[in-house]
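Visitor: This is the structure, below, for whatever I ask next.
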């Protein structure tokens with residue numbers, strides 16, 4: 708009875724953080740991993756390793772950052788907004804390395820997936836990578852596959 712008179716209000720959603728290079732990269736890595744609608748432990752672990760190595764983070768801090776990136780990826784704008792942040796803040800040579808890191812996430816489960824590859828191509832293109840560098844990153848990631 709009291710519920711009808713005084714309905715509970717849903718708590719206000721937690722505001723999303725303003726994307727920076729760390730959050731933008733992390734969200735894109737998560738987006739690549741989710742492209743095939745699977746999010747495997749091997750992909751999560753690879754994302755943590757990339758974030759730790761790229762931003763000199765301890766494993767726990769990288770995992771916390773990834774968790775924040777997962778929330779941002781679910782509710783944030785599209786790929787162009789994230790890649791614009793990275794294009795503005797990160798030099799080309801490092802963006803190429805990020806493209807290779809994204810391929811590492813896509814291949815963390817040991818298999819090729821057309822949806823992940825399509826997402827990767829869109830991200831690499833939006834990062835401003837040349838076709839030659841995109842092909843090099845793909846070749847390096849696929850190795851003997």
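In the working numbering, the protein residues as written are 708 to 852. Positions of the beta carbon are idealized from the N, C-alpha and C atoms, including for glycine.
Can you tell me which of the three DSSP states residue 783 falls into?
Guide: Looking at residue 783 - three-state DSSP - the assignment turns out to be coil, as it is neither helix nor strand.
Visitor: Let me know the secondary structure DSSP gives residue 820 once reduced to three states.
Guide: Looking at residue 820 - three-state DSSP - the assignment turns out to be coil, as it is neither helix nor strand.
Visitor: Taking 6 Å as the limit between beta carbons, can you name the residues of its chain near residue 843, skipping five residues before and five after?
Guide: There are no such residues.
Visitor: Quick check on the DSSP output: what are the complete alpha helix (DSSP H) runs of length 4 or more inside the region 737-820, in order along the chain?
Guide: Here the runs fully enclosed are 748-762, 766-782, 786-796 and 799-813.
Visitor: Here's the rule I'm using: 16 or more other beta-carbon atoms within 10 Å means buried, otherwise exposed. How should residue 790 be labelled?
Guide: Buried is the call here.
Visitor: Using DSSP with H/G/I as helix, E/B as strand and the rest coil, what is residue 850?
Guide: Correct three-state label for residue 850: coil.
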